[in-house]
Structures are given as C-alpha cells and as structure tokens.
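6 protein chains.
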Amino acid sequence: MPRIQIQMLKGRTAEQKRRLAKGVTEAASEALGISQERISLIMLEVEEDQLAHGGLLWCDREVKPPI
Amino acid sequence: MPRIQIQMLKGRTAEQKRRLAKGVTEAASEALGISQERISLIMLEVEEDQLAHGGLLWCDREVKPPI
Amino acid sequence: MPRIQIQMLKGRTAEQKRRLAKGVTEAASEALGISQERISLIMLEVEEDQLAHGGLLWCDREVKPPI
Amino acid sequence: MPRIQIQMLKGRTAEQKRRLAKGVTEAASEALGISQERISLIMLEVEEDQLAHGGLLWCDREVKPPI
Amino acid sequence: MPRIQIQMLKGRTAEQKRRLAKGVTEAASEALGISQERISLIMLEVEEDQLAHGGLLWCDREVKPPI
Amino acid sequence: MPRIQIQMLKGRTAEQKRRLAKGVTEAASEALGISQERISLIMLEVEEDQLAHGGLLWCDREVKPPI
C-alpha cells in the first residue's frame, strides 16, 4: 500500500509512462511520508470508444482537448 | 464526478457502446440531478478467459446466456 | 456481468440511489440487449476530502457545482 | 456479490487462469459461507510498461521476481 | 502484484475476513506459482443501499440470499 | 481523464490529503502534458482489517511499517 490506479487514454510513449510512474510515486511518498518501495501503480489504458464524457463517446467528439 | 466504470465482455459494436454511454449517463444525470457534462464513463472490456462465475471461466461454460 | 461501479460524492437520499440503480440498469440492459438480472451495480461514496479536481480537494473549493 | 477483481501481469496460461478462478472462488465461498454461484471474478491483465513498483516501470527492472 | 480487490456486503466478522484474506491469497499463490508475500488484497465493503442486482437496491429486496 | 484512484490506509490528516492531491495531480499533468483541470482523483481509505499482505490482515501484524 498505497495502491495507485490511473485510467487514461491509450497512446502514451514508454518515456511518458516512465515519468508518470516516477513523478506520481514520488509525490505520494512525500505527501504520506512513506517509502516509495511501498507504493504500487497500475495504468489502465482505454481506447477512444471505451471512454465517454457527458454521454458522448470520445471517438465521436469533433473537438478533442488533450486528456 | 460521478465516475462510472462498466466491466463487460468484449465484442460490443461501436453503436452499442454509443447507446450504452448515452443511456447510462442520462439515467445517472436524471437520478442525481446533475449535469451530464459532469459525468465520465469508462468501459473495461474483458475476454472470456478473464471472467469467471461460480469459479468457472466463461470460456469453459457449455451454456452461455447473453451477458 | 456486466459489473457497474459508480464513484460519487456521499450524501444522496435512498430515493436517489433507488432511481440511480433502476435507471442505469435499464439503460445498460437496453443498450447491450441483456437481461437486467445479469447486471450488478455498486455505489462507492466518497467524502469531500477524498475527492480532488485539478489537484484541489473538493472540500477546499469555494464554488461547488452539483456533482 | 461478492465481486472479485485481480490485477496481474499479462502472460498466464488458460490453465493457470482456470485454477486461479476455481481456487479463489472456493476460498471466498468457504470463508464467507456463501454459494460459489454468487461470486463473479474478473482478471485485469497489464503489460510490464503499465505497472510500477517504487516508481520504476516493471519493464525497466533488471531483477524481476515472479509476480 | 497481483493486487486483489473484493467488493462485498458489510457485516463480516474479523474472523471471516481473516479466513478470506488467508484462503484467497493461498489460492492465488498456488495457481500463479508466486510467493504469497507478493500479493496484496483489499476488501471494499458496501451497505445494502449501495448495492443493486437487476436494478433493485439490495435493501429493497424481500428475499435476500446470503451474499 | 485521466482518472486517478488511490487506495490507502485510513487515518491521514486533511493536510496530507491536500498535499497528496496536489502533488500527484501536478506529476500526472507534467508527465502526460495535459491540463491539471482534466484530472480527477479519488482516495479510497480502508481500515486495517480490510487490508492484507501475504494473506495476513494488517491489523494482525506485529510489525507495521508505515504504509
């Protein structure tokens, strides 16, 4: 513990995932005063047709801000 | 918020996913009295060998009701 | 299956939860063409200090739209 | 109910998944005194670049104990 | 890893939770051929008005099989 | 999106939660190159008898490193 889970859109590079894991783990370790070794993190990546905001599938949106 | 997550068997068409996102978001918006724009929804799709009922993998079942 | 999970702010009435369960289950059943009896739904309710948007705890926000 | 979810590294054989579903469901049924038919179980499998311990992606580790 | 999550109705005794954690961890360890020390398990307990089957809140059911 | 979920032991102060939300959101925003306003984060807090490592409930452990 703690167990972190990040749901995000598919398509990130390995380098982005590397920085995401490192940065989020460091931040959690600092805030909670625990060793980074205690923290596990999983990324659940979804396709644009598996995600909806306001009832609209992301793949159907005309304007797609970076998320 | 709210954040909705639907775990379901893989294999739905884009049109089914479209109706699922729209219908579920509308229902949540109405029941809770909040704007649809506030609601995010994710579909986690699993294969038949990643799902079990009563200890039996779905892929090993002889009779498979629609789920 | 499907298994639905709704994460939302604590404080809803029993009647709102009743309508939420009924409406969301009906919508999922219609969209996916499966029996309602196949669908399970869980509500995970969180406090205002367990939720953050844009890095700010909900309890620290001055303006709180209904979510 | 209960709804069990197991997040694990991708790469297990169908036979391992079969034993996992059977064994975990039996154990839960015995401990809680409920019928196995009541229990659903889902496996969420992740790649080595979607998992991190101590802030390091699993794919970047030199030593990888079996997990 | 693996990370196990069990969503279940509130009300279990400490002894039941003890047996649940032990039995499920053993079964996962055996099936996947990994050390029990690698496995973390969390129980998310819900109230009867936070759970629905077939669109009906569990608290509203007349007949309630053990779950 | 992204949707972040942190499962952790109950008992943190409001200030720790404030720093956790802020730090983790900043780190995710930087790593993925997206606006912090896009990121939602939920903390699921569990009791010591709802968590197990290696099959042993945390409340039953004699030695309890900070987690």
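Chains as they are written, first to last, in our numbering: chain Y, 1 to 67; chain P, 1 to 67; chain W, 1 to 67; chain R, 1 to 67; chain S, 1 to 67; chain B, 1 to 67.
The C-beta atom is built at its ideal place from N, Cα and C for all residues, glycine as well.
The structure displayed is predicted, hence computed values, not measured ones.
DSSP, read as helix, strand or coil, puts V63 (chain S) in coil. If you draw a straight line from the Cα of I4 (chain R) to the Cα of E26 (chain Y), it is about 29 Å long. Under the 8 Å Cβ criterion, the stretch 15-34 of chain Y counts as touching the stretch 10-30 of chain B, having at least three qualifying pairs.
Annotation for W58 (chain R): E48 and L51 place their beta carbon closer than 6 Å to its own, counting only its chain and skipping 5 residues before and after. The contact set of S40 (chain Y) on chain S, defined by CB atoms closer than 9 Å, consists of M1, R3 and S40 in chain order.
By the 16-neighbour rule on beta-carbons within 10 angstroms, K64 (chain P) is exposed.
For the C-beta of V24 (chain Y), the chain B residues within less than 7 Å are, from N- to C-terminus, V24, A27 and A28. Contact of G11 (chain W) with chain B is not assigned, every C-beta pair being separated by 7 Å or more. Neighbours of A14 (chain Y) across chain B, judged by C-beta separation under 7 Å, do not exist; the nearest C-beta is about 12 Å away. The Cβ atoms of Q16 (chain Y) and G54 (chain R) do not sit closer than 7 Å to each other. In terms of Cα proximity to P66 (chain B), the closest of B:M8, B:A21 and B:R18 is B:M8. DSSP lists Y:S40 and B:Q7 as the beta-bridge partner residues of R3 (chain Y). P2 (chain B) is not a Cβ neighbour of I39 (chain Y), given a cutoff of 7 Å. V46 (chain S) is positioned such that its CB atom lies no closer than 7 Å to that of V24 (chain R).
Shown here, E26 (chain W) sits in a helix according to DSSP, grouped into three states. With a cutoff of 7 Å on beta-carbon distance, L44 (chain R) and A21 (chain R) are scored as not near each other. Shown in chain order are the members of the stretch 35-66 of chain S whose Cβ falls below 9 Å from a Cβ of chain B: S35, Q36, E37, R38, I39, S40, L41, I42, M43, L44 and E45.
For the pair R18 (chain B) and D60 (chain P), the Cα-to-Cα distance works out to about 47 Å.
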